[in-house]
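Number of protein chains: 2
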Amino acid sequence: MASYTPPVADIAFLLEEVFDFDDLMQALPGYEDVNAELAVSVLDEGGKFCAGVLEPLNRPGDEEGCRLENGLVSTPKGIAEAYKAFVEAGWAGLSGDPEYGGQGLPRAVQILLDEMLSSANLSFGLFPGLTRGAAEAIAHHASPELKATYLPKMISGEWTGAMALTEASAGTDLGLLTTKAEPVGDGSYRIKGTKIFISSGDQDFGGNIVHLILARLPDAPKGVKGISLFLAPKFLLREDGSLGARNGMSVGALEHKMGIHAQPTCVMNYDGAIGWLVGEPGRGLNAMFTMMNAERLFVGIQGLGIAEAATQKATGYARERLQGRSPDGSRGPVAIIEHPDVRKMLLTGRSISDACRALAIWTAMQMDISARHPDAAVRREADELVALLTPVVKAAFTDFGFETAVTSQQVFGGHGYIREWGMEQFVRDARITQIYEGTNGVQAMDLVSRKLPMADGAVASRFFSIIRHDLQAAAQTPAARAIAEASEQALGRLERTTQSLLAARDEPTAAGAAATDYLRLFALVSCGWMWARMAEKAAVGDTPLHRRKLAAARFFAERVLPQAIGLEAALANGPGSLMELEADLF
Amino acid sequence: MASYTPPVADIAFLLEEVFDFDDLMQALPGYEDVNAELAVSVLDEGGKFCAGVLEPLNRPGDEEGCRLENGLVSTPKGIAEAYKAFVEAGWAGLSGDPEYGGQGLPRAVQILLDEMLSSANLSFGLFPGLTRGAAEAIAHHASPELKATYLPKMISGEWTGAMALTEASAGTDLGLLTTKAEPVGDGSYRIKGTKIFISSGDQDFGGNIVHLILARLPDAPKGVKGISLFLAPKFLLREDGSLGARNGMSVGALEHKMGIHAQPTCVMNYDGAIGWLVGEPGRGLNAMFTMMNAERLFVGIQGLGIAEAATQKATGYARERLQGRSPDGSRGPVAIIEHPDVRKMLLTGRSISDACRALAIWTAMQMDISARHPDAAVRREADELVALLTPVVKAAFTDFGFETAVTSQQVFGGHGYIREWGMEQFVRDARITQIYEGTNGVQAMDLVSRKLPMADGAVASRFFSIIRHDLQAAAQTPAARAIAEASEQALGRLERTTQSLLAARDEPTAAGAAATDYLRLFALVSCGWMWARMAEKAAVGDTPLHRRKLAAARFFAERVLPQAIGLEAALANGPGSLMELEADLF
Numbered sequence: 001m002a003s004y005t006p007p008v009a010d011i012a013f014l015l016e017e018v019f020d021f022d023d024l025m026q027a028l029p030g031y032e033d034v035n036a037e038l039a040v041s042v043l044d045e046g047g048k049f050c051a052g053v054l055e056p057l058n059r060p061g062d063e064e065g066c067r068l069e070n071g072l073v074s075t076p077k078g079i080a081e082a083y084k085a086f087v088e089a090g091w092a093g094l095s096g097d098p099e100y101g102g103q104g105l106p107r108a109v110q111i112l113l114d115e116m117l118s119s120a121n122l123s124f125g126l127f128p129g130l131t132r133g134a135a136e137a138i139a140h141h142a143s144p145e146l147k148a149t150y151l152p153k154m155i156s157g158e159w160t161g162a163m164a165l166t167e168a169s170a171g172t173d174l175g176l177l178t179t180k181a182e183p184v185g186d187g188s189y190r191i192k193g194t195k196i197f198i199s200s201g202d203q204d205f206g207g208n209i210v211h212l213i214l215a216r217l218p219d220a221p222k223g224v225k226g227i228s229l230f231l232a233p234k235f236l237l238r239e240d241g242s243l244g245a246r247n248g249m250s251v252g253a254l255e256h257k258m259g260i261h262a263q264p265t266c267v268m269n270y271d272g273a274i275g276w277l278v279g280e281p282g283r284g285l286n287a288m289f290t291m292m293n294a295e296r297l298f299v300g301i302q303g304l305g306i307a308e309a310a311t312q313k314a315t316g317y318a319r320e321r322l323q324g325r326s327p328d329g330s331r332g333p334v335a336i337i338e339h340p341d342v343r344k345m346l347l348t349g350r351s352i353s354d355a356c357r358a359l360a361i362w363t364a365m366q367m368d369i370s371a372r373h374p375d376a377a378v379r380r381e382a383d384e385l386v387a388l389l390t391p392v393v394k395a396a397f398t399d400f401g402f403e404t405a406v407t408s409q410q411v412f413g414g415h416g417y418i419r420e421w422g423m424e425q426f427v428r429d430a431r432i433t434q435i436y437e438g439t440n441g442v443q444a445m446d447l448v449s450r451k452l453p454m455a456d457g458a459v460a461s462r463f464f465s466i467i468r469h470d471l472q473a474a475a476q477t478p479a480a481r482a483i484a485e486a487s488e489q490a491l492g493r494l495e496r497t498t499q500s501l502l503a504a505r506d507e508p509t510a511a512g513a514a515a516t517d518y519l520r521l522f523a524l525v526s527c528g529w530m531w532a533r534m535a536e537k538a539a540v541g542d543t544p545l546h547r548r549k550l551a552a553a554r555f556f557a558e559r560v561l562p563q564a565i566g567l568e569a570a571l572a573n574g575p576g577s578l579m580e581l582e583a584d585l586f
Numbered sequence: 001m002a003s004y005t006p007p008v009a010d011i012a013f014l015l016e017e018v019f020d021f022d023d024l025m026q027a028l029p030g031y032e033d034v035n036a037e038l039a040v041s042v043l044d045e046g047g048k049f050c051a052g053v054l055e056p057l058n059r060p061g062d063e064e065g066c067r068l069e070n071g072l073v074s075t076p077k078g079i080a081e082a083y084k085a086f087v088e089a090g091w092a093g094l095s096g097d098p099e100y101g102g103q104g105l106p107r108a109v110q111i112l113l114d115e116m117l118s119s120a121n122l123s124f125g126l127f128p129g130l131t132r133g134a135a136e137a138i139a140h141h142a143s144p145e146l147k148a149t150y151l152p153k154m155i156s157g158e159w160t161g162a163m164a165l166t167e168a169s170a171g172t173d174l175g176l177l178t179t180k181a182e183p184v185g186d187g188s189y190r191i192k193g194t195k196i197f198i199s200s201g202d203q204d205f206g207g208n209i210v211h212l213i214l215a216r217l218p219d220a221p222k223g224v225k226g227i228s229l230f231l232a233p234k235f236l237l238r239e240d241g242s243l244g245a246r247n248g249m250s251v252g253a254l255e256h257k258m259g260i261h262a263q264p265t266c267v268m269n270y271d272g273a274i275g276w277l278v279g280e281p282g283r284g285l286n287a288m289f290t291m292m293n294a295e296r297l298f299v300g301i302q303g304l305g306i307a308e309a310a311t312q313k314a315t316g317y318a319r320e321r322l323q324g325r326s327p328d329g330s331r332g333p334v335a336i337i338e339h340p341d342v343r344k345m346l347l348t349g350r351s352i353s354d355a356c357r358a359l360a361i362w363t364a365m366q367m368d369i370s371a372r373h374p375d376a377a378v379r380r381e382a383d384e385l386v387a388l389l390t391p392v393v394k395a396a397f398t399d400f401g402f403e404t405a406v407t408s409q410q411v412f413g414g415h416g417y418i419r420e421w422g423m424e425q426f427v428r429d430a431r432i433t434q435i436y437e438g439t440n441g442v443q444a445m446d447l448v449s450r451k452l453p454m455a456d457g458a459v460a461s462r463f464f465s466i467i468r469h470d471l472q473a474a475a476q477t478p479a480a481r482a483i484a485e486a487s488e489q490a491l492g493r494l495e496r497t498t499q500s501l502l503a504a505r506d507e508p509t510a511a512g513a514a515a516t517d518y519l520r521l522f523a524l525v526s527c528g529w530m531w532a533r534m535a536e537k538a539a540v541g542d543t544p545l546h547r548r549k550l551a552a553a554r555f556f557a558e559r560v561l562p563q564a565i566g567l568e569a570a571l572a573n574g575p576g577s578l579m580e581l582e583a584d585l586f
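First to last, the sequence lines map onto chains A and B.
At position 13 of the first sequence the residue is numbered 13 (UniProt numbering), and the sequence of numbers has no breaks.
At position 104 of the second sequence the residue is numbered 104 (UniProt numbering), and the sequence of numbers has no breaks.
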């Protein structure tokens, strides 16, 4: 059976041919030494680690799962050793701030490592991913002392991080949370409460675990304005910075989950854990969103990673499995990749994965611009585009990732349902990405009710103008004309729908009723845009890779993008059909 | 948490108000005593058994799974007792031939029991479902001696049945199978080979297990023409009909599966098992298809069962879970059923489940007509419609069932990913229905390459005429006009696409490239037709049920049916984009 091959050639095509990566890096202070050649070479090494060390642990880790015995969490065989090797090789600090020992590579490189981690072992990838998110929140909001104490070891990966938000009755609605933080008097707090669904809440890698916990100060107002953010380590630190006594927290249980079995998702009891405020009192949600936004992009990338890995395995199987006769009946048994419907399944996965990777890089480049560009106006514009695209990347990539896992499993027929082949694990693992870090429904609401109205719709308009400009340029290349024109038509549908939504801002149910379908329409247009850009460059070359890109672009234009027509029509019907029925009649 | 409520009121609405069930039964010799009142009363009792006995075993059975120890299969705690109670209550023989002790109720009643079985416990439902399929193949093709020996105990449910088709290298392509049958000389055969994925291949209920096995006679030609069907019981029978020695078969392993863990899916080794020919030599596939067609409808019903159960649980949760503020911001926390996007998820499931149930009943009524109507021409026409609809019911209902399970799981947010809530089990269980009894891709190929061309397209045309007639009638009722008109537009799309496909019959890849999208378009139109018929009748009443039907019909027309526009557009692009890329460039 085909094993995972890191898509380094596809990455090189994107960085070297499609995007002006080298020019961009030149324009960003601190990244002058970064270029596509360096990035590809780093990612080639990273890919070897993912394919060689992490992927072989993926299925055994799913079978074995995590255990909680006598209050101690054990991860499956090999995971702790792999994590140590990952840290020793320096992968944890790839994009970390050099001030704290990181290697300072741009986000556009980080997300490509994240993709490969997610392809190889989604459960594993959450450990460094959550640590990075927690470190970002600390870097942006914590005191200099907390930063100096915690960031170096988090950025090296020696210590891991966890985000403790959700409670049994407070999920999407964090305003309902009840965990308390009482001031001790020496600047620290005692935190009491129970959190659920805490990824990486504990591990057996050694080192410390830095918990960022949302809790309420005494007399805090109800709702989200009463929420503050606290940092509490698993082990309190001695004066010399070494690990001291256990802090007042324990793992109440491991959640019994559909998938990501090698990831210890914990019920965490904070029983008077000592912690320190991160950011200002009552501004916890704000600080947490620094982490959440980075995590949401990371979760989107997880969807891409699963889509890529599942498509690869299905393609390998379809080349080897002999069943049935060729379409013209002349030969048989033939490899099932000769059957049109199997090709349709494979091309669906391929056309989704490649487009999502391109859009992920484009978005990450905007993050790099927003962080480093010398011109404040350019930084702000990039930051707005990232804000606009964050819910789209999170929700659409994970929906596509799950759908691609399901389709790829289908290529295997009955064997796809059997655990040994690994395809059903992709489906179970991918499913969480649509749910955590804000369900995809919450992402869609974020897009329509907070992001679209930014600057009265001007941010979305600017994004659509960028797309139209690129599509009109791509249409000048004959081999890219069809995908460019199909995408421009779809863009028109998106723009008309956007205008209707903005015009209906006063109708309280209009946004919510449109949200999910609108986000999908937005994502399809964005993927079509990326295909037009890829086709434009692929038309220049004639390698197998270039031909594959052109074929996938055509497939996307002809067989995937037409969904946009139905979505526009459904959205034009408005919220009425959702709202008329009384709740007790459902 | 809400438990499963058998949809008896919805069934009564369909049988009593939407379909002329009583009139039809009057016209079918042998069913004169059957009417809607009787059917509803029987199904009300059956539903109590499903909800009271089988549903409570569903999650424990998933957790415990089946075991194979010392060659003996154990089903999870309670399953064997439940099976015995099921048989004792007479449910196994509900639609069985009275000549062999069955109760002789029509198929239209049987499938509604099957739906409730599937809602309550999919793993359990396979035991009686496969037994019935095997009994039908025996009834149609076996010798009078085999029928007399095996049918009474299979129809009572005392003995169960299994279908042994698939081998490791022969799945969709049964022509590749290698299991052998050697004549002993006394009319019996010795069967040697290994079969995989054998549902109900063994159990611990006591009684016998009747295996129907596809195998090759010596010197049989290669391919499907060399395949014959054999009956081999787990226990050979003594002269007096009691169970004697073990036959030469054993369970090699239990498959490790994504779901249906309470169902022992076996690797079966036939080591010289004594068996008897069913039907003529070389006509095994023909005999097996008698079983397969019945099973395919049953599998479609399984998809419906999961959709109904998952929608019910999601609806119950959405009424109870408090999160977030009302759309106008005035109240909070509110039950999440107030959020438009949650309503969209619930209505998607509801509009799919109700339409599929209606279409299932309509199809089953055609089966009853084809079996019993006094006029041979009427029987033949009904049989053709069943042949046309079989792949649609199998594939579309199971795709809808899986999608509805996923959407309903999403309503639960993070809790949906946790095993205790039972929603992820629906997803894992539903997934097999898209794969077994011919993958949904195979169903789609059956529709476009065998069923559409029947009588040069005349069967499909006749079906479309029936739909148009009903839609035009429904459009006379104001409350049904919108769904009727939307469905008629979608019907136009289906008819145009059908014409294009029939015109392209000489292009070898046209059918395969269209198959999956075409089947979905076909199913959406069929569901729209059913909604128009339901809305027409719902408009007459003003009960909560009638209002729910009208609201779901509107939702289906406005938010689901528009998919048909995109499907027509995608299909109009033809097979080119699927076929241009060489297999080694994927």
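The C-beta atom is built at its ideal place from N, Cα and C for all residues, glycine as well.
Item to complete: Indicate whether LYS257(B) and ARG419(A) have their beta-carbon atoms separated by less than 9 Å.
Response: Within the second sequence, residue 257(B) is the residue found at index 257, counting from 1. Within the first sequence, residue 419(A) is the residue found at index 419, counting from 1. Annotated as proximal: LYS257(B) and ARG419(A), with beta-carbon spacing under 9 Å.
**Message:** Within 8 Å, do at least three Cβ pairs link the region 8-22 of chain B to the region 530-541 of chain B?
**Reply:** Yes, since at least three Cβ pairs between the region 530-541 of chain B and the region 8-22 of chain B fall closer than 8 Å, the two stretches touch.
message: Does chain B have any CB closer than 9 Å to the CB of SER123(A)?
response: Taking the first residue of the first sequence as position 1, residue 123(A) is located at position 123. Closer than 9 Å: no.
Using three-state DSSP, classify GLY329(B) as helix, strand or coil.
Start at 1 with the first residue of the second sequence, and residue 329(B) comes out as number 329. Coil.
- Item | Against chain B: residues of the UniProt domain "Acyl-CoA oxidase/dehydrogenase middle" (162-271) of chain A by CB proximity under 7 Å | Identification of residues in the UniProt domain "Acyl-CoA oxidase/dehydrogenase middle" (162-271) of chain A having a C-beta nearer than 7 Å to some C-beta of chain B yields THR166, GLY171, THR172, ASP173, LEU176, PHE197, GLU255, HIS256, LYS257 and MET258, given in sequence order.
(Q) For a cutoff of 9 Å on Cβ pairs, would you count GLY329(A) as touching chain B? (A) Counting from 1 along the first sequence, the entry for residue 329(A) is found at position 329. In terms of beta-carbon proximity, GLY329(A) lines the interface with chain B, with at least one pair separated by less than 9 Å.
Open item on the list: Within a Cβ cutoff of 6 Å, which residues of the same chain sit near ALA12(A), ignoring the five residues on either side of it in sequence?
Closed with: Mapped onto the first sequence, residue 12(A) falls at position 12. So the qualifying residues of the chain are VAL40.
message = Against chain B, does ALA569(A) count as a neighbour if the rule is that its beta carbon must be under 9 Å from one of theirs?
response = Taking the first sequence and counting its residues from 1, one reaches residue 569(A) at position 569. So, interface residue.
Practice problem: Could you tell me if ASP399(A) is buried or exposed, where buried requires 16 or more neighbouring beta carbons within 10 angstroms of its beta carbon? | Solution: Reading the first sequence from its first residue, position 399 is the one you call residue 399(A). So ASP399(A) ends up on the buried side.
- Message: Using 9 Å as the threshold, is the C-beta distance between GLN203(A) and TYR83(A) below it?
- Response: As a working note, residue 203(A) is residue 203 in the first sequence. As a working note, residue 83(A) is residue 83 in the first sequence. Yes.
* Asked: Closest Cβ-Cβ distance between VAL342(A) and chain B: below 9 Å?
  -> If you number the first sequence from 1, residue 342(A) lands on position 342. Answer yes: the Cβ-Cβ gap between VAL342(A) and chain B drops below 9 Å somewhere.
Using the beta-carbon count (16 or more within 10 Å), is PHE289(A) buried or exposed?
Here residue 289(A) corresponds to residue number 289 of the first sequence, with the count starting at 1. Here PHE289(A) is exposed. Its C-beta has fewer than 16 other C-beta atoms within 10 Å.
### Message
Against chain A, does THR509(B) count as a neighbour if the rule is that its beta carbon must be under 9 Å from one of theirs?
### Response
For the purposes of this step, residue 509(B) is taken as the residue at position 509 of the second sequence. Judged by the 9 Å Cβ criterion, THR509(B) is in contact with chain A.
Review point. To which residues of the same chain is ALA245(A) closer than 6 Å at the C-beta, ignoring the five residues directly before and after it?
Key: By 1-based counting over the first sequence, the position of residue 245(A) is 245. Take ALA245(A), set aside five residues on each side of it, and the residues of its chain with a beta-carbon closer than 6 Å to its own are LEU236, in chain order.
Please tell me whether ASN440(A) and ALA262(A) are closer than 9 Å, where the distance is taken between their beta carbons.
Counting from one through the first sequence, the residue named residue 440(A) turns up at place 440. Counting from one through the first sequence, the residue named residue 262(A) turns up at place 262. No, they are not a contact pair.
Given a cut-off of 9 Å on the beta-carbon distance, is the pair VAL109(B) and LEU165(B) in contact? Along the second sequence, one-based indexing puts residue 109(B) at 109. Along the second sequence, one-based indexing puts residue 165(B) at 165. Their beta carbons are not under 9 Å apart, which means VAL109(B) does not touch LEU165(B) by this criterion.
Exercise. Three-state secondary structure (DSSP) at GLU69(B)?
Worked result: What you label residue 69(B) is simply residue 69 of the second sequence in a count that begins at 1. When secondary structure is reduced to three states using DSSP, GLU69(B) falls in the strand class.
- Message: Determine, for ALA557(A), whether the minimum Cβ-Cβ distance to residues of chain B falls below 9 Å.
- Response: By 1-based counting over the first sequence, the position of residue 557(A) is 557. Answer yes: the Cβ-Cβ gap between ALA557(A) and chain B drops below 9 Å somewhere.
Check your understanding: Taking C-beta to C-beta, are VAL459(B) and ALA387(B) nearer than 9 Å?
Key -> Working through the second sequence from its first residue, we reach residue 459(B) at position 459. Working through the second sequence from its first residue, we reach residue 387(B) at position 387. At a Cβ-Cβ threshold of 9 Å, VAL459(B) and ALA387(B) count as neighbours.
Can you give me the start and stop residues for the beta strand (DSSP E) that ASN269(A) sits inside?
Within the first sequence, residue 269(A) is the residue found at index 269, counting from 1. Counting along the chain, the beta strand (DSSP E) containing ASN269(A) begins and ends at 266-278.
Report task. Check the C-beta distance from LEU521(A) over to GLU568(A) and give it rounded, since I have them as a contact under 8 Å. Result -> Within the first sequence, residue 521(A) is the residue found at index 521, counting from 1. Within the first sequence, residue 568(A) is the residue found at index 568, counting from 1. The Cβ separation is near 7 Å, so the contact holds.
Handout entry: Meets three-Cβ-pair contact criterion under 8 Å: the region 121-131 of chain A and the region 262-271 of chain A
Key = Remark: three or more beta-carbon pairs, one from each stretch, lie closer than 8 Å, so the region 121-131 of chain A and the region 262-271 of chain A are flagged as touching.
Please classify ARG496(A) as buried or exposed, where buried requires at least 16 neighbouring CB atoms within 10 angstroms.
Along the first sequence, read from residue 1 onward, the residue named residue 496(A) stands at position 496. Counting C-beta atoms within 10 angstroms of its own C-beta, ARG496(A) has fewer than 16 neighbours from the protein chains shown and is therefore classed as exposed.
| message | Could you compute how far the alpha carbon of residue 630(A) sits from the alpha carbon of GLY528(A)? | response | Because chain A spans 1 through 586 in this model, residue 630(A) falls outside it and cannot be assessed.
Original post:
Going straight from the alpha carbon of ALA486(B) to that of GLY492(A), what length do you get?
Top reply: Counting from 1 along the second sequence, the entry for residue 486(B) is found at position 486. Counting from 1 along the first sequence, the entry for residue 492(A) is found at position 492. Linking ALA486(B) to GLY492(A) through their CA atoms gives a straight-line distance of about 24 Å.
*What is the rounded straight-line gap between the Cα of ASN35(A) and the Cα of VAL184(A)?*
Mapped onto the first sequence, residue 35(A) falls at position 35. Mapped onto the first sequence, residue 184(A) falls at position 184. Taking the straight line from one Cα to the other gives about 50 Å.
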